[in-house]
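*Asks:*
Number of protein chains: 2
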Amino acid sequence: MNTTQRTDQQTSADRRRRELLEAADRVVLRDGPHASMNAIAAEAGITKPILYRHFGDKGGLYAALAVRHTDALLASLRAALDAPAQRRQRVESTLDTYLAAIEARPQVYRFLMHPAEGAGTPGDQSEQGFDVGRHSAPLLRRMGEELAQVIEERLDVGPGTQQLARVWGHGIVGMMHAAGDWWLGERPCSREELVRALADLLWGRLAEAGDKAGGPGF
Amino acid sequence: MNTTQRTDQQTSADRRRRELLEAADRVVLRDGPHASMNAIAAEAGITKPILYRHFGDKGGLYAALAVRHTDALLASLRAALDAPAQRRQRVESTLDTYLAAIEARPQVYRFLMHPAEGAGTPGDQSEQGFDVGRHSAPLLRRMGEELAQVIEERLDVGPGTQQLARVWGHGIVGMMHAAGDWWLGERPCSREELVRALADLLWGRLAEAGDKAGGPGF
DNA sequence: ACTCGGGGTTACCGCAAGTAACATGCATGG
DNA sequence: CCATGCATGTTACTTGCGGTAACCCCGAGT
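Each protein sequence line maps, in turn, to chains A and B. In terms of the numbering used here, the first sequence is residues 1 to 218. In terms of the numbering used here, the second sequence is residues 1001 to 1218.
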């Protein structure tokens, strides 16, 4: 029958695709985002054109890879975000989840955040105008939107809540990301300390803090 | 004399270098970060090897370019940060300065944030280990450190101020950056609204906000 | 037997980074 | 006045990568 036949093809193609992604994953994790298509194909035991048949171009492959990891990370973040606990507790545990993830697999993190953009096609006439951010790690955007939604669902800050929630979502995610990136590079303190410091920041300790004695005032 | 002679050479080389950077700037701003060395050389009225003599490799050129713009932006941020005003006012004006800058010249911003990293040398054996963040826009790091210093100089949050200041510096810069990136792409509100929303976030409105009625509680 | 389609390969194109080797102009020292 | 640098510039090349065209093989269906 047509249906079973097509199903078989589908699943076989999907399995192949998955195998290829696994191989690509290994190579990217080993060699960084500069891994060449040749290298990935070799790791998968095949040659380039097959990769192109499956993923179109390098951007497609990288996007597929990124989606996998992004989905996984987002799932665990959602769990932390949805846990039944006080708000501060939830915030801290979400921060900690993210930081633990990037700490455990910095190569994955690096790949997700700096995918070395795709737009390298020969006859490429894009890049014109305001396409800022189309490259810059979609992971950040997705996390931002996700957090924005949670904030909007749960918080009440009067009119304009929706707008505020989106700004805050992206802002908080950016804070977490930048602090995490810096922390991962310098390791100036433990993860717990970092989490506390960030949560304190979100809890308004910056605004409440006193001026330094002897300073220029203000 | 040796001294005057060397001085002459120095200044002439420096002038040349500056001219080349101007040309590179034009090309990068026009074509995006994918501008080829050939294109840049052509814009400068010369050929590739000269660029390589001056800047070593593409990474060198891009780094030099980035330093110029980064210095400029940091200078204006410092001004806003050092202005004699209330803390909230200073924070808002710093945020606004940054956002105005990226709004005015998104191409520059895009280039600074996603320099398409350099490490593409053939015999490249780096990228091994934990060098996360060596690529990721040094601009963010510099802004973070700068802000951290200002915070540490002016704020008194008891023991551990220094640690806290650095975390907060990088965190706030990341918040500003991510929110700005998102805002630049979607333009969901005016600059003033964005600035207020971010300042409100830093002022602890997230922690103070009430739970939404009818929600799952907490 | 044949042909048809999915999975695979070799060999190639175009392009950009980076380099070697060669040319030229302008100061200096004999 | 010639020769010797040395900075500045050029042409022409190599290497490596993304991407593609053309061909190949084998198992299934009629």
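Built from N, CA and C at the ideal position, the CB exists for glycine as well.
Residues in the same chain with beta-carbon distance under 6 Å from residue 191(A), minus the five sequence neighbours each way, listed in chain order, please.
*Replies:* Taking the first sequence and counting its residues from 1, the one referred to as residue 191(A) is at position 191. Answer for residue 191(A): 99, listed in chain order.
*Asks:* Taking the C-alpha atoms as reference points, what is the distance between residue 1184(B) and residue 12(A)?
*Replies:* On the second sequence, residue 1184(B) is found 184 positions in, with the first residue counted as 1. On the first sequence, residue 12(A) is found 12 positions in, with the first residue counted as 1. Answer to the nearest angstrom: the Cα atoms are 42 Å apart.
*Asks:* For my contact list, residue 1146(B) and residue 1078(B) are in at a C-beta cut-off of 8 Å; report their separation, rounded to the angstrom.
*Replies:* Taking the second sequence and counting its residues from 1, the one referred to as residue 1146(B) is at position 146. Taking the second sequence and counting its residues from 1, the one referred to as residue 1078(B) is at position 78. Confirmed, about 7 Å.
*Asks:* Which partner residues does residue 1210(B) have in the DSSP bridge list?
*Replies:* Numbered from 1 along the second sequence, position 210 holds the residue referred to as residue 1210(B). 156(A).
*Asks:* Taking only beta carbons into account, state which residues of the stretch 1194-1209 of chain B come closer than 8 Å to chain A, listed in chain order.
*Replies:* Within the stretch 1194-1209 of chain B, the qualifying residues are 1194, 1197, 1198, 1200, 1201, 1202, 1203, 1204, 1205, 1206, 1207, 1208, 1209.
*Asks:* Would residue 1149(B) count as contacting chain A if we go by Cβ distances under 8 Å?
*Replies:* The residue labelled residue 1149(B) in the question sits at position 149 within the second sequence. No - not a single Cβ of chain A is within 8 Å of the one on residue 1149(B).
*Asks:* Are the C-beta atoms of residue 125(A) and some chain B residue less than 8 Å apart?
*Replies:* By one-based count along the first sequence, residue 125(A) stands at place 125. Model confidence at residue 125(A) stands at a pLDDT of 34, short of 50, so the residue's coordinates are unreliable and nothing is read from them.
*Asks:* Quick check on DSSP: helix, strand or coil for residue 1228(B)?
*Replies:* The first residue shown for chain B is 1001 and the last is 1218, placing residue 1228(B) beyond what the model contains.
*Asks:* Could I get the ranges of all uninterrupted beta strand (DSSP E) runs contained in the stretch 1069-1096 of chain B, with 3 residues as the minimum, in chain order?
*Replies:* Segments of the beta strand (DSSP E) lying fully in the stretch 1069-1096 of chain B: there are none.
*Asks:* Nearest by alpha-carbon distance to residue 1196(B): which of 1168(B), 1089(B), 1149(B), 1050(B) is it?
*Replies:* Counting from one through the second sequence, the residue named residue 1196(B) turns up at place 196. For residue 1196(B), the nearest C-alpha among the options comes from 1089(B).
*Asks:* Cα-Cα, which of 1200(B), 1205(B), 1207(B), 1210(B) is closest to residue 1095(B)?
*Replies:* For this step, residue 1095(B) is matched to residue 95 along the second sequence. If we check each option's Cα against that of residue 1095(B), 1200(B) comes out closest.
*Asks:* Taking the straight line between their C-alpha atoms, what separation do you get for residue 1198(B) and residue 1093(B)?
*Replies:* Here the question's residue 1198(B) lines up with position 198 in the second sequence. Here the question's residue 1093(B) lines up with position 93 in the second sequence. Each residue's alpha carbon lies about 12 Å from the other.
*Asks:* Which residues of the stretch 1046-1057 of chain B have a Cβ closer than 9 Å to any Cβ of chain A? Give them in chain order.
*Replies:* none
*Asks:* Do the CB positions of residue 1207(B) and residue 204(A) come within less than 8 Å of each other?
*Replies:* Here residue 1207(B) refers to the residue found at position 207 when the second sequence is read from its first residue. Here residue 204(A) refers to the residue found at position 204 when the first sequence is read from its first residue. Their beta carbons are under 8 Å apart, which means residue 1207(B) touches residue 204(A) by this criterion.
*Asks:* Between the stretch 165-177 of chain A and chain B, which residues of the former have a C-beta closer than 8 Å to a C-beta of the latter?
*Replies:* 166, 167, 168, 170, 171, 172, 173, 174, 175, 176, 177
*Asks:* Ignore the nearest five residues each way along the sequence and tell me which others in residue 1027(B)'s own chain have a CB closer than 7 Å to its CB.
*Replies:* On the second sequence, residue 1027(B) is found 27 positions in, with the first residue counted as 1. Excluding positions up to five away in sequence, the list reads 1035, 1039, 1040, 1043.
*Asks:* Output the boundary residues of the alpha helix (DSSP H) element that contains residue 200(A).
*Replies:* Reading the first sequence from its first residue, position 200 is the one you call residue 200(A). Counting along the chain, the alpha helix (DSSP H) containing residue 200(A) begins and ends at 191-202.
*Asks:* I'd like to know if residue 1140(B) contacts chain A, where contact means its C-beta is closer than 8 Å to some C-beta of that chain.
*Replies:* Counting from one through the second sequence, the residue named residue 1140(B) turns up at place 140. So yes, residue 1140(B) belongs to the interface.
*Asks:* Determine whether the Cβ of residue 1027(B) lies closer than 8 Å to any Cβ atom of chain A.
*Replies:* On the second sequence, residue 1027(B) is found 27 positions in, with the first residue counted as 1. By this cut-off, residue 1027(B) is not an interface position.
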